[in-house]
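Scroll down for the structure; my scribbles are underneath it.
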Amino acid sequence: MTRFAALFCSIACALVACAAPAPGPTQPAVLYLENRGGPAFKVNIAGAEFATVSCASSATLSPGLQNVPALPWDLTIVRVRDNSTIVSTAVTELPRRFVYFGEETAPGLSKLPLAGPAVTCPPEAAPPAASSSPTTYATPTLDPYAGLPSNACGGFHLKIVNNRTAPVRVTLNGDSSTVIAAQSTDTLVETFLPTHPLLPWDVAVTDATTGQQLFRATMPGPVDQKVTLSDGGAVQTPFDLMTEGC
Numbered sequence: 063m064t065r066f067a068a069l070f071c072s073i074a075c076a077l078v079a080c081a082a083p084a085p086g087p088t089q090p091a092v093l094y095l096e097n098r099g100g101p102a103f104k105v106n107i108a109g110a111e112f113a114t115v116s117c118a119s120s121a122t123l124s125p126g127l128q129n130v131p132a133l134p135w136d137l138t139i140v141r142v143r144d145n146s147t148i149v150s151t152a153v154t155e156l157p158r159r160f161v162y163f164g165e166e167t168a169p170g171l172s173k174l175p176l177a178g179p180a181v182t183c184p185p186e187a188a189p190p191a192a193s194s195s196p197t198t199y200a201t202p203t204l205d206p207y208a209g210l211p212s213n214a215c216g217g218f219h220l221k222i223v224n225n226r227t228a229p230v231r232v233t234l235n236g237d238s239s240t241v242i243a244a245q246s247t248d249t250l251v252e253t254f255l256p257t258h259p260l261l262p263w264d265v266a267v268t269d270a271t272t273g274q275q276l277f278r279a280t281m282p283g284p285v286d287q288k289v290t291l292s293d294g295g296a297v298q299t300p301f302d303l304m305t306e307g308c
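Under the numbering used here, the first residue of the sequence shown carries the number 63, and numbering increases by one thereafter.
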């Protein structure tokens, strides 16, 4: 090989190396399950039940955790009330999302987060009595967030109200972080720029100057949340998006 050919080969190899895209972040192998307005449903893999998700609730399934089998999955999602099938599909890769907006829809699995309407939970019909004798049914424990607005305007919202005299840093899943000045407010939105990690979020709020931890919680969605910070502490409440606006 001539010196010219060798030089040409070196330059070509360098150009190829420069043009190669950097590897993107690895997405977690998770099936995200959200019920934003329908009756309770259960999730079966190969005929075995692994989760039940009631209205205004969510859950996650990952291969190898809590006895969940490895991929591929023979996935069936069934409405608890009448045992009717909502979705029946093969799952060969993750992450995927299943979002249930109501019993009149027939959704599939999605690769991306889905925006949607406010959570409005339907009344659950009591089961029929077996005889004419008096029958007592247990009163269900209602989700305190049921019926609150959620997931409009770009997905899950986390509103941070910093009423402190110092700035705070909000960190999601140990990576994505935002600094909020004193006496300021910011809202972190699941699907808007700048992009944030997939739910669930491990939310940590620290003093931006000293690093002292002020608040920490896991937020699985779908109901929007608000954290109000003062020099005396932090309070977490549902974020009423319809009243306060996007």
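We put the CB at the ideal spot given by N, CA and C, even for glycine.
Keep in mind the model is a prediction, meaning the values are calculated, not measured.
Asked	Found
Taking the C-alpha atoms as reference points, what is the distance between residue 217 and residue 258?	11 Å
Assign residue 103 to one of three DSSP states: helix, strand, or coil.	strand
For the putative contact between residue 105 and residue 123, defined by C-beta atoms under 8 Å, what is the C-beta separation to the nearest angstrom?	7 Å
Could you give the distance in angstroms between the alpha-carbon of residue 115 and the alpha-carbon of residue 294?	36 Å
Excluding the 5 residues flanking residue 299 on each side, which residues of the same chain have their C-beta closer than 6 Å to its C-beta?	288
Exposed or buried, residue 236, counting other C-beta atoms within 10 Å across all chains shown (16 or more means buried)?	exposed
Got a sec, what are the start and stop residues for the beta strand (DSSP E) residue 111 sits in?	110-115
My output table needs one value for residue 226: the three-state DSSP class, helix, strand or coil.	coil
Taking DSSP as the reference, what is the three-state secondary structure of residue 170?	coil
State the DSSP-derived secondary structure class of residue 260, mapped to helix, strand or coil.	coil
The beta strand (DSSP E) spanning residue 96 covers which residue range?	93-97
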